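A short worksheet on the structure shown next.
Protein chains in written order, with UniProt numbering: chain D, 1 to 211; chain Z, 1 to 236; chain A, 1 to 279; chain R, 1 to 249; chain C, 1 to 267; chain S, 1 to 289.
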């Protein structure tokens, strides 16, 4: 996870509470978070906030596969936010795909985490998504590009929280792999997720000098 | 991981109880933890990414970039009247719900001579009661040495982030003082990031507003330079 | 406007392979027509015999009341949900509403059906609602609505009659207050021959447009035996008007026979309910 | 095939400055509060007005000191030579919006606070200039419904034939084959423009003649409609009128 | 997790989970038994009904002829769609399919493509001109938890019952003739999916019912054929440790063996 | 449909009126309100008719296109019914309001005309090309009893329809090109005189009423719509509303429905013949009358 691999800009959208523009390798995603506001009567829960994540493709047409990715993002964000602190409100996170050159899911998850951090909404923990490809010869490549993904036997995306002990938050896999390779991928991705957390720290440091 | 210490960047999920409590000699109850920190079964966890601050070892909080105002008691806020009901105004103070301002919550207001404030007017008020479970209640009753509350006629309203509004309210900020020397103006800075400015002519009001907005990301030393350019633009 | 694709779509213009076997299909129909002339039906039953019914209630545990009904090889399942508030409703309605949903599974007919409702399903849904409305005490749940959903798994003729009977059973299983048990049967009329409970092929024969003056078409009647009230009557195809009293008479007799069958199934259901109650 | 022959005649025999024949009847239906039928050449339109009645659609956003104007423009599926799949599509949604803007300039909405006025227009046969005929029909229907209006809203179309002579009140053929076409809706007495739209690019110094031609057309239509309405009111006003005559000029 | 759900969860753990049991008497980690019957629908080319406990699912397959994709001219189509009609549970509104149905459809299509349960070459009649389009529609009749497992079993057993006629396609005259001898499809591998409900950090329940599913924070779905894992899908929610994952995978392997025997026996 | 609301007293008044066979507008139980029919209103259509039944106003227009027949019925042409409830009738029809009624009307017209209308008349070259008829119904004003008005207008329009002659067909391999005669008067009329007409009978109290107005429909228990051909055959029966019927009242209603239907058909045929013969210098009134 070399340095120039992740590039991010926070707070670039004026009228949203939080926004992040993250590019991971060649895929870029922009996220906007509109903070706790008055919900529709039907969706409002009396003791917590409802979190609503929508995922938009460039072309705007929503296929069945995008609904799956949206479901994964929704449950990952919902777990990270302290929803009890904002009762009877709605938090809307909109993830917009700007360019998809592979690893789209991990880019979206990392961007949504940074957007939530920028929005100033209380969070239990941060989460970092890392994806890896497994080739025929059982080697594990981190952050593969498109050619490596297509030629790989399996392609995994794992998400970890920044708690001390290692605990898996989200796992989405395609292709076939054995249990052993799954455990090796977990170790590798957990190590890589530490670097993502460092990247988060650097970005927050840069943006918090002025306040 | 960068060491977790005061005036240092911390991330949500970091455990800062060992720094805050600093050994067990002082009791846990004295310490008050402010916004950005949460105490979960006797551990203090950070829940917003920002800089850990502490003030004479009793108050701990995290300074983080925030735009959405969460109502807190005894804050001075500037709001726009959104609706009128039979016995109260509904005021939009930028929080998740409209705040309620009863007719009688004005200085020496009685049932007879009610204040006539129309929908869309700007109001300065103090938050009387704020809980996450109910919409907050504000009041314009002035007490001892408070600023004048109530309706703010004509003037100009701008929105800034909450952190910048906090910095401007601190008395030692030179910007407002130097602008005041150039041209006389009135200003009310709400804790909810809404600033009301009023001066003799509309041109100067807008100039002051733009000056404040531009100064958000400037260092302290090049503020005089900004004020000079503001003065030059006003004279022609 | 983003085009929203809710399902995995295949290529346009897919053609069922049965289309290339049309001549085989046509001479099968002629065969049935000739055998009908000799009062022999393709599945061997007499022209005035109803296909045997297999009824099972309480299939869908998530719903308040449900029923699965097999009439010959027509299979359908119906579930009823308890009265709920009507979303965004303004004025107060004295009688409760019935929200019906009638759907053919895509694989249920010879020709593959679409996911969205087409005009035939909308028509059957209206007829189902009109058949059930007089039978349910709608005054009991004023300003509320009941959802009745019917899903047809296999369509082999007289689908609407089977759906109405199944819906009646599901309502009873769901303890919804009703004036009387509702039952329905349908007739196919082909060249002045009256076929009770026609199969899918017989229905296509009856609704073919050969205008040589003979009666042909289908008649469906939903009946409440104790109150002797016809709650739904739908007829299609050209028939002489004086034959109607005879058709109505045959239909009411068959409904009474079917009534006994449905009552025994419902009674068995209640007894079973009390047995595992005091277990 | 050029739209204007050498002797200055158009394909349907009119001169460049002549308008199509106007025939109309007010009070065509008796269930709506006001209704009108208007024919300009072969474009036939029926308009109906319901209101001012209490607001039914989206009660929350209604301003509490003026009336809400709610319009719907729809074309019959058989109105054009080749059949139209759906009576209302995106194009008719756009024309509904334009119709609403044009009529809102003339109706005195502040006289009917907290109420809604429905204007429904149905094109029975379309031979070009549909929008203009709809605006004129809506004006007639509003007058029939007795709703307070500052003045008429009259609309007319005009376009440019082979580069220099402006044609007024164009037909469907001239709309599709001819040059850029311009639709204008004006308040004839005060001369204010309620709505102006051009179908494609038009050169700046062509704009002036085409616009004045269209405004002249509007004034011409205004005089005709004025005469018809006066006659209509004499008839309706007079107790003796039981028979129905045809009002054509 | 709002407070009502929290209290119910606490009482549930106190009464049942502490004594390592569940409210329908099952152990924490054992699955409900599955029942299966084939070829129930004659109008479909292949059909199967599967019941896991109370959850009932019916799968019907219709074979049609279509034009192949330009970029893959020699393979046919296998389109799997899961329908959650408003018949099967009270929380589903009639109208456009709910998000859960779309997510399950997408997951099942991924699994079918991952482990190539069907060799799509055998669906090709003439390259770039005519291929078979198998549209498999799975209707859930009773939604009582782990619907996805039932759908996969129904799909596999229905695919085994499909018989498609032989079709000749003449390139020049573009004539298609259908010959009446029906040949069954060959299914390569039998993946089995099993769903776990992650209750809280401590407890994971196998094959949760609808009631338990509402109390669980998130679901973990593992698809395997006994040895290789085809998909390990956990969409967010509660943390799980490595030991819990290994424990789940162990149970999933012997669940897969039992289900494979069931499908082979029913053929 | 329209915003007519009645209180209990008015309903009782109407029911008693029907008992004494003297309705509130003076008609007896079997009488129809005045009908007015006008043909050939729309110029660019192959056949059109406008019908006014008291204050209902229906405009039907038939357009014809060339289409390829369905694979399973190569020798039959196609016919498609489309009903558009324009918002002119009532504000309730605005946007998608009138869609439910329109779908029911078009579906029932299709069912009623199906058994009697022989589609093979529309076939040009079996298996290759055939005529497709679009019957578009536009409801401009609805004053109750829409089913009768729409069916009468549709039958009149279909009788008025004329199909252009096909001069020659050239077959080269797969595609066919048809040479249609461009002389607008070289057409042959569509033979549609044996189409059925709908008669709706509304059950009020324990007797029934033909041609119900909106008020009578509201206070009626249920409505039976019978589709009757000129010869008296019944091609479709539909029950509307939430009421239920005794078997013998049902038979009685269908019997009298077919009698009324025969009379209605005879009256329609007379006007059609009278209209055909006198179309030499017909003055077109349209809405201007």
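For every residue, glycine included, the Cβ atom is placed at its ideal position computed from N, Cα and C. Because the structure is a prediction, the values reported are computed rather than measured.
Check: In terms of residue numbering, what span does the alpha helix (DSSP H) encompassing residue 85 of chain R cover?; Outcome: Element bounds for residue 85 of chain R: n/a, residue is neither H nor E.
Check: When the Cα of residue 137 of chain D is compared with those of D:181, D:147, D:100, D:169, which residue comes out closest?; Outcome: D:181
Check: From which residue to which residue does the alpha helix (DSSP H) around residue 259 of chain S run?; Outcome: 247 to 277
Check: Leaving out the 5 sequence neighbours to the left and right, which residues in its chain are closer than 7 angstroms to residue 229 of chain S when beta-carbon positions are compared?; Outcome: 116, 194, 196, 235
Check: Just to confirm the assignment, what range does the beta strand (DSSP E) spanning residue 98 of chain D have?; Outcome: 89 to 99
Check: What's the gap between the Cα of residue 135 of chain A and the Cα of residue 174 of chain A?; Outcome: 14 angstroms
Check: Listing by chain order, which chain D residues have their CB less than 9 angstroms from the CB of residue 7 of chain A?; Outcome: 64
Check: Going by Cα to Cα distance, which pick from A:126, A:103, A:117 is closest to residue 101 of chain S?; Outcome: A:126
Check: Residues of chain D with CB under 8 angstroms from residue 228 of chain C, in chain order?; Outcome: 176, 177, 178
Check: Starting from the Cα of residue 274 of chain S, find the closest Cα among S:159, S:214, S:257, S:45 and give me that residue.; Outcome: S:159
Check: So is residue 225 of chain Z buried or exposed if we call it buried at 16+ other beta carbons inside 10 Å?; Outcome: exposed
Check: Based on the DSSP output, what are the partners of residue 148 of chain C in its beta bridges?; Outcome: Per DSSP, none; premise fails for residue 148 of chain C.
Check: Does the beta-carbon distance from residue 151 of chain D to residue 101 of chain D come in below 8 angstroms?; Outcome: no
Check: Between the C-alpha atoms of residue 1 of chain S and residue 60 of chain D, what's the straight-line distance to the nearest angstrom?; Outcome: Because residue 1 of chain S carries a pLDDT of 42, less than 50, the predicted location of this residue cannot be relied on, and the following value inherits that uncertainty. When rounded, the distance between both Cα atoms is 39 angstroms.
Check: Could you confirm whether any beta carbon from chain R is found closer than 8 angstroms to the beta carbon of residue 185 of chain S?; Outcome: no
Check: From this set, A:256, A:208, A:243, which residue's C-alpha is nearest residue 228 of chain A's C-alpha?; Outcome: A:256
Check: Identify whether residue 92 of chain C lies in helix, strand or coil by the three-state DSSP scheme.; Outcome: coil
Check: In its own chain, which residues sit with a C-beta less than 6 angstroms from the C-beta of residue 31 of chain C, not counting the 5 before and 5 after it?; Outcome: 206, 207, 255
Check: Shorter than 8 angstroms from the beta carbon of residue 88 of chain C to some beta carbon of chain A?; Outcome: yes
Check: Can you name, in chain order, every residue of its own chain whose Cβ lies under 8 angstroms from the Cβ of residue 133 of chain A, other than the five neighbours on each side?; Outcome: 98, 231
Check: If the cut is a Cβ gap below 7 angstroms, which residues of chain A does residue 111 of chain S touch?; Outcome: 236
Check: Would a check of beta-carbon distances place residue 11 of chain A closer than 8 angstroms to chain D?; Outcome: no
Check: Select from the region 132 to 162 of chain A all residues with a C-beta closer than 9 angstroms to any C-beta belonging to chain F, and list them in chain order.; Outcome: The chain labelled as chain F is not found among the protein chains of the depicted structure, namely D, Z, A, R, C and S.
Check: Look up residue 48 of chain Z in the DSSP assignment and say whether it is helix, strand or coil.; Outcome: coil
Check: Our contact map puts residue 193 of chain Z next to residue 165 of chain Z with C-beta atoms below 8 angstroms; I'd like the distance itself, whole angstroms only.; Outcome: 5 angstroms
Check: Against residue 71 of chain D, what residues of chain C qualify as contacts under a CB-to-CB distance less than 7 angstroms, listed in chain order?; Outcome: 99, 103, 235
Check: When DSSP labels each residue in this structure, what does residue 143 of chain R get in the three-state scheme?; Outcome: helix
Check: Determine the DSSP secondary structure at residue 235 of chain R, reduced to helix, strand or coil.; Outcome: helix
Check: Where residue 118 of chain C and residue 142 of chain C are concerned, what is the direct C-alpha to C-alpha distance, given to the nearest angstrom?; Outcome: 28 angstroms
Check: Can you pull the chain D residues whose beta carbon is under 7 angstroms from the beta carbon of residue 241 of chain C, in chain order?; Outcome: 167
Check: Starting from residue 76 of chain A, trace the beta strand (DSSP E) in both directions and tell me its first and last residue.; Outcome: 74 to 85
Check: Determine, for residue 216 of chain D, whether the minimum Cβ-Cβ distance to residues of chain C falls below 8 angstroms.; Outcome: Only positions 1 to 211 of chain D appear in the structure, and residue 216 of chain D is not among them; the question remains open.
Check: Please tell me whether residue 11 of chain Z has its Cβ less than 8 angstroms away from any Cβ of chain D.; Outcome: yes
Check: Taking Cβ to Cβ, would you say residue 53 of chain D is nearer than 8 angstroms to residue 82 of chain D?; Outcome: no
Check: Kindly list the residues whose CB is nearer than 7 angstroms to the CB of residue 278 of chain A, restricted to its own chain and excluding five residues on each side of it in sequence; keep chain order.; Outcome: none
Check: Kindly list, in the order they appear in chain A, the residues whose Cβ is closer than 7 angstroms to that of residue 63 of chain C.; Outcome: 17
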